[in-house]
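Written below as structure tokens is the structure these notes are about.
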Amino acid sequence: MRSSNLFLAFLVALPAALPAPRAHASALVLPALVLPALVLPAQADRSELVRELVDSPFLASGDVDGWVDRVVELLLAQKGPPSPVDEAALQLLARRGDELADPARWPEVLERLALVSTLDAHARSFLARLTTEERLARMDTDALRRSREHDAFPEYLASFRILAPLAGPETGAPVSLAALSADPGFEREHAGLRGERVRWSIGKREPLRTEIAPAEWMEPVEGWCVLAFEFDAEHGGAAAIEFDLHGSYALRSLPFLLARDRSWRASVGDPTWSYSIDGGAPVTVDAVARETAPVVLAPFELRAGRNRVLVLCKADAYSSFALRVLVPDGAGVSGGKPLVLAPVDGAGLSPERSRLGRGTGAPGAQCASFEERLPREAPDELALLGVLLAGDQRPIAGLEFLRRATTAAPDRVGLAALFARTQNDAPYLPEAWRRSQSRAKFEALAARGANLDVELALARTQVLEDHEEEALLRLDRAREQFARTPAPLLELARTYPKLELDKAGDDAHDA
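Set out below in structure tokens:
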């Protein structure tokens, strides 16, 4: 039985070459729901948009503003049925929003994106969340205080109960999620940690946040805890619960604790968690045993009337959960506005993508995420999926898709640069190994054409290897070559202090 605390000095062995993906890498539980249809629709051609997302001449020259404008222009020009590529574009735009020359342009970009006619229900929900978060970020303290009077994210479940602290597997008498699912006993006492008696407490999500963090409702933060969510439905049918764990500390920390060359050791609470829907058999999500998505989709058979979801997790993993209910036809669900769900029979998915973990599962029904539905045949398509996964807490699977993209298109400098940069940033790989591998790739790419990411990466490598003077010369050339971006100047500002040239560093930063 695994210890309740995971001492993760390293968990992954390093092969001689680029690590192969784990066997489950393409069968990950992936986030985000899709279209209000019972079958997968034909997808419009998005090849130009896909290429712009992963191999853009604007990004190669450091022109983030030009890239954002071009992607928005391509989205606005799309016709025909929705495509998962549209939501992928929104995801990547959101990652670059704070890199605009004038960050105040971001609200304008969001307004233009609201005019895109091909976004499906889930993509529009993601865009609405981005817009709400941006609006809240611009509010002063008084405005935020007034905003707390209303739920900013009504589609996420808000009311819950918590039972804690509870004994875990390490005590020999762990809490049974199956028993609590069958009979939660909201009105009686339960056996707690160290023989204590505990009762359910009632809580409510903060109105300006989507997630609930159990540790914020516990004192002290130890042992295990169970969250219970209840909601009512007007009628039954196929549905799903979406569990979003993006804010979970232990889950975010795992990739950094996997490398075997760290001189330090760290301890984090076990991020493994389990859920049960309407008394069904508990389902465990083990992020240590395999790389998992930070959003888990659990199909189930919605009951007319009261429905219940229980979640079990370790307190010191500092997990957070944002839950929402998704149904096929927008039927009423109390506590929030349901999204539209698309159950599919798997016929439109490849075998590796149709093995979706089920909750209590409606027989024969599956739910396809936008990532699962992304095309993955052409090199640009493979690269797009790789970028999305690597930037969303799945570096192993993401890097493998990028490797496949560069193997399929060895002459594409942009894809090769993307692969090299992602490999260089992969936190689970030994630092010296990945730096050596990436430097060789970057030097070969520099000889094939100008690319801002390549020049910046080589300059950083030269600094790490105590060749600061060479790095300064490279950055000076990059400043002239890529005049539309401040990136070389910012890198100079970080490099000058290493040579005890603080005044020059300040000048570069001010410029």
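In terms of the working numbering, the sequence shown opens at residue 3 and continues consecutively. Ideal Cβ positions, reconstructed from N, Cα and C, are used throughout, including at glycine. Here the structure is a predicted model, which is why all the values come from computation and not from measurement.
As a beta-bridge residue in DSSP terms, residue 205 pairs with 162. Taking 8 Å as the upper bound for CB-CB distance, residue 306 and residue 279 are not in contact here, some 15 Å apart. Going by DSSP, residue 435 is part of the alpha helix (DSSP H) stretching over 433 to 448. In the three-state scheme derived from DSSP, where H, G and I count as helix and E and B as strand, residue 277 is classed as strand. Residue pairing by DSSP places residue 301 opposite 242 in a beta bridge. The C-alpha of residue 286 is placed about 15 Å away from the C-alpha of residue 227.
For the 7 Å CB-CB criterion, residue 120 and residue 84 form a contact. Residue 426 carries a helical assignment under DSSP once its states are collapsed to helix, strand and coil. Residues 231, 243, 277, 279 and 325 of the same chain have their beta carbon placed closer than 7 Å to that of residue 311, with the five preceding and five following residues left out of the count. The alpha-carbon of residue 245 is positioned some 34 Å away from that of residue 419.
The residue from 482, 320 and 453 with its alpha-carbon nearest to that of residue 222 is 320. Boundaries of the alpha helix (DSSP H) around residue 403: 397 to 410. Pairing residue 215 with residue 322 gives a Cβ-Cβ distance under 7 Å. Setting aside the 5 residues that flank it on each side, residue 76 is surrounded in the same chain by 50, 51 and 54, each with a C-beta closer than 7 Å to its C-beta; the list follows chain order. In the structure shown, residue 124 falls within a helical segment according to DSSP collapsed to helix, strand and coil. For residue 69, the enclosing alpha helix (DSSP H) begins and ends at 66 to 79. Looking at the backbone, the Cα of residue 70 and that of residue 443 are separated by about 27 Å. Shown here, residue 190 sits in coil according to DSSP, grouped into three states, outside any helix or strand.
It is roughly 18 Å from the alpha-carbon of residue 375 to the alpha-carbon of residue 296.
Per the coordinates, the alpha-carbon of residue 62 lies some 24 Å from the alpha-carbon of residue 80. Residue 237 holds the alpha-carbon nearest to the alpha-carbon of residue 308 among 129, 482 and 237. Closest option to residue 210, judged by alpha-carbon separation, among 270, 139 and 192: 139.
Secondary structure of residue 221 (DSSP, three-state): coil.
In terms of CA proximity to residue 135, 212 leads the group 229, 212 and 117. Linking residue 393 to residue 372 through their CA atoms gives a straight-line distance of about 15 Å.
Separation of the CB atoms of residue 159 and residue 233 is rounded to 6 Å, and the pair is thereby assigned contact status at 8 Å. Our two residues, residue 464 and residue 484, have alpha carbons roughly 19 Å apart in a direct line.
Within the same chain, and ignoring the five residues on either side of residue 203 in sequence, the residues whose Cβ sits closer than 6 Å to its Cβ are 164. Counting along the chain, the unbroken beta strand (DSSP E) around residue 307 starts and ends at 307 to 316. Pairing residue 410 with residue 381, the inter-Cα distance amounts to about 6 Å.
Residue 105 counts as exposed, since fewer than 16 other beta carbons sit within 10 angstroms of its beta carbon. When the five nearest sequence neighbours on each side are left out, the beta carbons in the same chain lying within less than 7 Å of the beta carbon of residue 281 are those of 183 and 184, in order along the chain. Under the three-state reduction of DSSP output, residue 286 falls in the strand class.
Here residue 316 is buried: its Cβ has 16 or more other Cβ atoms, across all protein chains shown, within 10 Å. Between residue 385 and residue 56, the C-beta gap is smaller than 7 Å, which places the two residues in contact.
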